[in-house]
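Here this note's numbering is used: the first residue of the sequence shown is 1125, the next is one more, and so on.
For each residue, glycine too, the CB sits at the ideal point set by N, CA and C.
Please read all numbers here as calculations on a predicted model, not as lab measurements.
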Amino acid sequence: TALLDDKSLTRESIEDLKALGVRIALDDFGTGYSSLSYLHKLPLDKIKIDRSFLVDMNQNRQSLDLLKGIVSLSRTLGLSVTIEGVETFEQLKTLVHLVKPDFVQGFLFGAALSASGIETMSSVTWPFA
C-alpha cells in the first residue's frame, strides 16, 4: 500500500522487476487499492478479479455483465485474467461459457496449501495426468 501511494516510484519499481523477468499481477481487482486507474498507469501482466464480483452473477445480470466487461477491457489492454473465489460448478460453468477468463481459482479446486501440503501434492501420481 505504501508503494502504491507514490505512483512514479511504483511504476519504476515494477519496471525494474519486469526487466528481471518477474510478471506482475494486480490481486483482488475491484476492491481496496486495486482500482481501475492502475490498469493503465502500471505495467501489469495480469489481474486477479476479487470473488465479490461473482457471488451473485448467476442471479444478477448486472454482475455478470460487469465481469464480462472487466475481462474484455483487460484483454484489450493485453492483460491475463484470473477470477478468484470459484466455489460451485454453477459458477464455473457460467465463467467458462459466458465470461471466459484465462484462469479461475477457488475452493472448488482445493483449499490453500501449506508448504508441506504442496510437497505432498507434488509427490502424488495423478491418474488423469
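Coil, strand or helix - residue i by DSSP
| i | result |
| --- | --- |
| F1177 | helix |
| L1188 | helix |
| V1220 | helix |
| V1146 | coil |
| T1212 | coil |
| L1201 | coil |
| L1232 | coil |
| V1195 | helix |
| L1237 | coil |
| S1159 | coil |
| E1243 | helix |
For residue i, the first and last residue of its enclosing beta strand (DSSP E)
| i | result |
| --- | --- |
| F1153 | A1149 to F1153 |
Counterpart residues of residue i in DSSP-defined beta bridges
| i | result |
| --- | --- |
| T1206 | K1172 and F1227 |
N-terminal and C-terminal residue of the alpha helix (DSSP H) that residue i is part of
| i | result |
| --- | --- |
| L1163 | Y1162 to K1165 |
key: Cβ contact check for the stretch 1178-1189 and the stretch 1143-1152: 3 or more pairs under 8 Å   = no
request  = Could you say if the stretch 1187-1198 and the stretch 1213-1229 meet the contact criterion of at least three C-beta pairs nearer than 8 Å?
outcome  = yes
task = Indicate whether the contact test is met: 3 or more Cβ pairs, each with one atom in the stretch 1153-1171 and one in the stretch 1202-1219, closer than 8 Å.
result = yes
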